[in-house]
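Taking the numbering used here, the leading residue of the sequence shown gets 489, the next gets one more, and so forth. For each residue, glycine too, the CB sits at the ideal point set by N, CA and C.
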Amino acid sequence: MRVGYNPHKDEVLSKSEYLHQIIIPVFIPHQEEYFKDSFAILKLCLESLFATIHDKTFITIVNNGSDSIIVNYLDSLLKENKIQELIHTQNIGKLNAILKGLAGNNIELVTISDSDVLFLTDWQKETVNVFQAVPKAGVVGIVPQFKMYESNCGNLLFDTLLSSKLQFIPVKNQEGLVRFYDSLGWARDYNQDYLKYNLGLKLNENQSILVGSGHFVATYKKDIFEEITSYIEFKMGGSSEEYLDKAPLRKDYWRVTTLDNYAFHMGNTLEEWMTIPQVAEINTEPAYGFSKNKKANSFIYWLKNRLFVKFISIKILVKLFLKWKKLPKEMISKY
């Protein structure tokens, strides 16, 4: 029997003091074979994160069916207030774990990251700088990759096709690009021109960004997830990856990446170069209050992301596009 009136009923929640959420799903079921270095890599990931974020950052870790060693480690981080939220669950799949982390707050920016990312100094500041400079940006990556403009960028290319700002830009950090593809186990026999130029937006003389973004670490405007899907049937792959790729396009947001490299992908093997950056001194007040897009109507979505993409994928038009957007002539035939 209930007696009396709950004093907290109908009480409006106060606005969160946090400005940026980080969600990291963790799946380390044991400490052998493929996962033998995973615990050490997870520690590097989180320690590099702690060293490079401002104090208005809310860290959510979703333990997605890891063993007791990982459970105890994550529990200790929560007790030490190094992380703000810890969710334990059985292995429900990577994206379902992310969906659990997205619910329950209205923090404006959310970074979704794998647990094998080594964060570098200034990644958070540079991410916010892009959101400030590009109101239509909805996703900002921090690790440049090859030819990112070919995936989920139809709306950006449609919107900027006639702009002189859209052009091929010299790669700023070749070492970062090489290291990323080394971490995937690629041989270095790929087209070496990919290490020299990437498609970007030259915003002004002092700032450029790259078109497109990967999704092993990227920051999203939280309003992209106002309507959260409750369940994805794939543990990995399938429609699980497509969800994070398509959701920004539904609100006509652009996918972009910082010009320089601000994180490394460590993979599942510990290497000597993997070290934690020095703790950053952050003296400026973090920015907030970014613009939000309304949901795009179905015709605009189809025009930009279906019809236009098919049109510019015609082989002869691809070559004309590369030439028009200032890719060096000698690179066009094989780019």
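Suppose the cutoff is 7 Å on Cβ atoms and the five residues either side in sequence are ignored; what does the same chain contact list for C641 look like? V699, G700, R743
Whole angstroms is fine: what's the gap from F607's alpha carbon to M819's? 33 Å
Close beta carbons around K723, own chain, < 6 Å, minus the five adjacent residues each side: In this prediction, K723 has a pLDDT of 49, which is less than 50 and means its spatial position is unreliable; nothing more can be read from the coordinates.
In three-state DSSP terms, what is Y561? helix
DSSP three-state call for P816: helix, strand or coil? coil
Neighbour-count burial assignment, P632, 16 or more Cβ in a 10 Å radius: buried
What residues match up with F546 in a beta bridge as DSSP calls it? Q509
Pick from L815, V767, V514, T772: whose alpha carbon is nearest that of G589? V514
P736: buried (16+ other C-beta within 10 angstroms of its C-beta) or exposed? buried
Does the distance from the CB of V628 to the CB of T577 come in under 8 Å? no
Can you check which of these residues, N749, K544, N756, L815, is closest to I595 by C-alpha distance? K544
Beta-carbon proximity check, Q612 vs I547, cutoff 8 Å: no
If you check the beta carbons only, do L758 and D525 fall under 8 Å apart? yes
Quick one, which of L683, L532, F704 has its alpha-carbon nearest L815's? L683
Rounded to the nearest angstrom, what separates G777 and A621 at their Cα positions? 13 Å
For the segment 677 to 708, list the beta strand (DSSP E) runs that are entirely contained and at least 3 residues long, ordered along the chain. 685 to 690, 696 to 699
Using the Cβ count rule (16 or more neighbours within 10 Å means buried), how would you classify K653? exposed
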